[in-house]
Amino acid sequence: KAGVTQTPRYLIKTRGQQVTLSCSPISGHRSVSWYQQTPGQGLQFLFEYFSETQRNKGNFPGRFSGRQFSNSRSEMNVSTLELGDSALYLCASSLGQLTGANVLTFGAGSRLTVL
Amino acid sequence: TQLLEQSPQFLSIQEGENLTVYCNSSSVFSSLQWYRQEPGEGPVLLVTVVTGGEVKKLKRLTFQFGDARKDSSLHITAAQPGDTGLYLCAGEQWAGKSTFGDGTTLTVKP
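These protein sequence lines are chains A and B, in that order.
Note that the first sequence covers residues 1225 to 1339 in my numbering.
Note that the second sequence covers residues 20 to 129 in my numbering.
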């Protein structure tokens, strides 16, 4: 059973550019969550998509956006990149069920460096 | 506002020692997970606890969920160098929303 796949693994951008990251969840998982991980702030929740709809949203500016496709694959986009956006972006998939514990399975992450 | 506080933030011990990591909150969670993350990789699930007062054991690791489902602890017995890593607790508030603690960086020296 394939795990969560994130692409690209590493990328370097300059300030002002935009970036799109991709996440393919585990087969059968309908929920995809995105997190930003930095040494100073830990894992911060960006947003969660379930059945192509944004169901939960964290406290990030509008420059951060995402979407989910009918096959549950998800993308997140960051526009007008700032130096502070340098981070490891993690995607996690789960069943997203309303009852019972939802266990997150993470991808290896996309390491973004903004110069 | 940090909903989950983990302590200690850093822990460096000798092989064979015991340790406990704490995860505390003022919020009630429907479930709580512990993850371990190694450099360059995503977090990997260790355990999920759901019921208040629940205790789970995974070899040398013992996890406990507080009676009120607001806090949890991870105890490692006879730590080994292979236990080195970043330990994260995460509380699920509702479907699709999990909040993570800042993590505990554990180093076990041989």
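Every residue, glycine too, gets a C-beta built ideally from N, C-alpha and C.
Against chain A, with Cβ distances strictly below 7 Å, would residue i count as a contact?
{"i": "residue 110/B", "result": "no"}
{"i": "residue 82/B", "result": "no"}
{"i": "residue 34/B", "result": "no"}
{"i": "residue 114/B", "result": "yes"}
{"i": "residue 29/B", "result": "no"}
{"i": "residue 121/B", "result": "yes"}
Under three-state DSSP, which class holds residue i?
{"i": "residue 167/B", "result": "With chain B running from 20 to 129 in the structure shown, residue 167/B is simply not present."}
{"i": "residue 101/B", "result": "helix"}
{"i": "residue 1270/A", "result": "strand"}
{"i": "residue 30/B", "result": "strand"}
{"i": "residue 1322/A", "result": "coil"}
{"i": "residue 21/B", "result": "At residue 21/B the pLDDT is 49, less than 50, meaning the model places this residue with poor confidence and gives no usable figure here."}
I need the straight-line Cα distance from residue i to residue j, nearest angstrom please.
{"i": "residue 1315/A", "j": "residue 28/B", "result": "24 Å"}
{"i": "residue 1243/A", "j": "residue 1235/A", "result": "9 Å"}
{"i": "residue 44/B", "j": "residue 1226/A", "result": "34 Å"}
{"i": "residue 70/B", "j": "residue 1298/A", "result": "32 Å"}
{"i": "residue 1309/A", "j": "residue 106/B", "result": "24 Å"}
{"i": "residue 1280/A", "j": "residue 35/B", "result": "43 Å"}
{"i": "residue 39/B", "j": "residue 1333/A", "result": "28 Å"}
{"i": "residue 1276/A", "j": "residue 1257/A", "result": "12 Å"}
{"i": "residue 1306/A", "j": "residue 1286/A", "result": "13 Å"}
So, for residue i: in the same chain, excluding its five sequence neighbours on each side, which residues have a beta-carbon less than 6 Å away from its beta-carbon?
{"i": "residue 96/B", "result": "37 and 79"}
{"i": "residue 74/B", "result": "83"}
{"i": "residue 72/B", "result": "86"}
Who are the Cβ neighbours of residue i in its own chain at under 8 Å, not counting the five residues just before and after it?
{"i": "residue 1326/A", "result": "1255, 1318, 1319 and 1320"}
Beta-carbon within less than 7 Å of residue i's beta-carbon, same chain only, minus the 5 sequence neighbours each way: which residues are those?
{"i": "residue 99/B", "result": "34 and 127"}
{"i": "residue 104/B", "result": "55, 56, 57 and 125"}
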